[in-house]
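A.B. asks: My structure is below; once you've seen it, I'll send some questions.
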Amino acid sequence: MNRLTLLAPALTLMLAACGSETAEPPAAPATAEVVTADTEGTPGDMAPAAPPAATLTAIPAAFHGVWDAESGSCEPASDMRLEIATGTIGFYESEGKVTTVTPQADGSAAVDLAMTGEGESWNMGMVLSVRGDGDGRRLTVRDTGAGTSEARTLKPCPA
Numbered sequence: 001m002n003r004l005t006l007l008a009p010a011l012t013l014m015l016a017a018c019g020s021e022t023a024e025p026p027a028a029p030a031t032a033e034v035v036t037a038d039t040e041g042t043p044g045d046m047a048p049a050a051p052p053a054a055t056l057t058a059i060p061a062a063f064h065g066v067w068d069a070e071s072g073s074c075e076p077a078s079d080m081r082l083e084i085a086t087g088t089i090g091f092y093e094s095e096g097k098v099t100t101v102t103p104q105a106d107g108s109a110a111v112d113l114a115m116t117g118e119g120e121s122w123n124m125g126m127v128l129s130v131r132g133d134g135d136g137r138r139l140t141v142r143d144t145g146a147g148t149s150e151a152r153t154l155k156p157c158p159a
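If you count by full-length UniProt numbering, then the sequence shown holds residues 1 to 159, one letter each, in order.
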């Protein structure tokens, strides 16, 4: 038997399969799904994906106030002084306007700022964390992003 005789049925089936295509609408795009922990449901039960972490546009009140380094004078000219308000953080020679605040599970807040100062503009991120109460209350500030520095601990300044 020659090879052409063996290939003819296979070629006929392939051509028939190509000719029987019908115009079907494209499939709907897949959406993110998460399998639920419901063990009594059917194996195909799906639930929508969880929403991303909540973001805010205001710094929570727990962080508001004037803060300075442990050895700082709390005077406006102190170079480690921060003045934190709802929508801004004032630094020695610059100011940051809040773009987003993302609360963290440990009670801290990741803050993104649009900075201006000394004729320049840039973006900056930091994580704020308050610990203690009364005279022992302290703010920890950790910069995020490239060239980050180690965390700074600041004391509250008198109102």
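Glycine residues also receive a C-beta, built at the ideal position from the N, C-alpha and C atoms. Treat the numbers as computed from the prediction; the structure is a model and nothing was measured.
(1) Could you tell me the alpha carbon to alpha carbon distance between D79 and Y92, rounded to whole angstroms?
(2) Let me confirm a value: R131 is counted as buried when at least 16 other C-beta atoms fall within 10 Å, else exposed. Which label applies?
(3) Which residues share a DSSP beta bridge with A114?
(4) Counting only runs of 3+ residues fully inside the UniProt region "Disordered" (134 to 159), write out the beta strand (DSSP E) ranges in chain order.
(5) Return helix, strand or coil for residue 165, following the three-state DSSP convention.
(6) Have a look at I84, M115, T55 and flag the residue whose alpha-carbon is nearest the alpha-carbon of L139.
(7) Please classify T144: is it buried, with 16 or more other beta-carbons within 10 angstroms of its beta-carbon, or exposed?
(8) In angstroms, rounded to a whole number, what distance separates the CA positions of V111 and W67?
(9) Please list, in chain order, all residues of the same chain as F63 whose beta carbon is under 8 Å from its beta carbon, the five residues on each side excluded.
C.D. replies: On the basis of the supplied data:
(1) 5 Å
(2) exposed
(3) K97, N123
(4) 138 to 144, 152 to 156
(5) Not covered by the structure: residue 165. The range shown for the chain is 1 to 159.
(6) I84
(7) exposed
(8) 16 Å
(9) I84, A109, L128, V130, L139
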